[in-house]
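Comments concern the structure below.
In the working numbering, the protein residues as written are 54 to 383.
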């Protein structure tokens, strides 16, 4: 691919806006895009960062194809991704455009698996989770796995602090009925709601099981047959009530005051257990920096056709290149 333009769809939203600003700061040629109802926000953002803007709905196939005609990479930041990922992945494959997103929903990754052969045939890469928890946890898992000769099981948990954006809260609320899963002997199966303690660097904390896309991405990267995923929240749980009345997202000061952490525990065939912890900036800060950096690197030629993962594509140390992220062993 020779086209060097990045389109960020959903740039009127909280994370999309920050990703667009980060991408432009890194010297990337950006087009911001979204629905017609967001034209005022997109026009203002485009003027602020010196970019073009385009309007189209993801279910309008002709308009989407026309909007992608001179684009090399599409970064989808418009959740819920259960609504936007499928039409935009199909559109990207048809247009010969690499697809990235920041989804934390399992459906996007299962879809990428399903479409991987078609994307490969078209020379298109599908990289869901180019920023965010998948990039964080993929690097953490790869680090810990390297410490074990024959890893057979992995448990990994995120520590989420500092509140949610309105878009994340809506996406989470629409995915509450997703089956609670884990990977056992290579297969995704239902699991119980049993909680588990993890040490995020300050002693044991109780995390509850959730279905994270890392059940797919870590398995693809490591081939570990048994994987469980958890979340530990320190701000009272997921938002409730009228989500539309929420602010766009945490303020700059709130993000600065609340760093994210993740903990992993890997067991080897010999029974040896290793534990490592990742410490990074707030999740929204990390996500928008990582997604912009991933897009910049893909525009620069770092791409492989088909479904890929951040750690698999950019290497195990990708997360540690973002902000002041670090990984330590316990």
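Where a beta carbon is used, it is the ideal one built from N, C-alpha and C, also for glycine.
Bounding residues of the beta strand (DSSP E) (the contiguous stretch that carries residue 277): Premise fails: residue 277 is in no beta strand (DSSP E) and is neither H nor E.
Presumed contact (8 angstroms Cβ cut-off) between residue 340 and residue 191, rounded CB distance: Residue 340 to residue 191, Cβ: 13 angstroms. No contact.
Closest by C-alpha distance to residue 382, when choosing among 117, 371, 326: Out of 117, 371, 326, 326 has the C-alpha closest to the C-alpha of residue 382.
For residue 66, the three-state DSSP class (helix, strand or coil): Here residue 66 sits in coil by DSSP.
Under 8 angstroms between C-beta atoms of residue 153 and residue 165: Contact annotation: residue 153 and residue 165 have beta-carbon atoms that are not nearer than 8 angstroms.
Per DSSP, cross-strand counterpart(s) of residue 359: 178
Straight-line Cα distance separating residue 378 from residue 124: Going by C-alpha positions, residue 124 is about 31 angstroms away from residue 378.
CA-to-CA distance, residue 182 to residue 83, given in whole angstroms: 19 angstroms
Candidates 281, 272, 93: closest to residue 248 by CA position: 281
Option in 88, 107, 306, 261 with minimal Cα separation from residue 211: 261
Residue 115 classed as buried or exposed, judged by whether at least 16 other C-beta atoms fall within 10 angstroms: exposed
Proximity to residue 305 [Cα-Cα], best of 336, 138, 286: 336
Rounded straight-line distance, which links the Cα of residue 109 to that of residue 241: 36 angstroms
At least three beta-carbon pairs within less than 8 angstroms, the stretch 87-103 to the stretch 360-378: no
Selected residue, minimal CA-CA separation from residue 257, among 263, 285, 272, 75: The candidate whose alpha carbon is nearest that of residue 257 is 285.
Simplified DSSP assignment, three categories, for residue 153: strand
Buried or exposed (CB count within 10 angstroms, at least 16 for buried), residue 81: buried
Length at least 3, wholly inside the stretch 298-324: the beta strand (DSSP E) runs in chain order: 313-321
Three-state secondary structure (DSSP) of residue 334: coil
Three-state class that DSSP yields for residue 191 in the structure shown: helix
Alpha-carbon to alpha-carbon, residue 195 and residue 320: 13 angstroms
DSSP-derived helix/strand/coil call for residue 350: helix
Opposing strand residues paired with residue 61 [DSSP bridges]: Residue 61 pairs with 85, 128.
Close Cβ partners of residue 322 (< 6 angstroms) along its chain, the five nearest in sequence each way excluded: 203, 205
Contact belief for residue 372 with residue 209 at Cβ below 8 angstroms, rounded distance in angstroms: At roughly 13 angstroms, the Cβ-Cβ gap does not stay under 8 angstroms, so residue 372 and residue 209 are not in contact.
Residue nearest to residue 193 in terms of C-alpha spacing, selected from 156, 73, 136, 317: Closest option to residue 193, judged by alpha-carbon separation, among 156, 73, 136, 317: 317.
Three-way DSSP call (helix, strand, coil) for residue 329 in this model: strand
Local conformation of residue 113 per DSSP, three classes: coil
Run of the beta strand (DSSP E) containing residue 93, from where it starts to where it stops: For residue 93, there is no enclosing beta strand (DSSP E); the enclosing alpha helix (DSSP H) covers residues 92-102.
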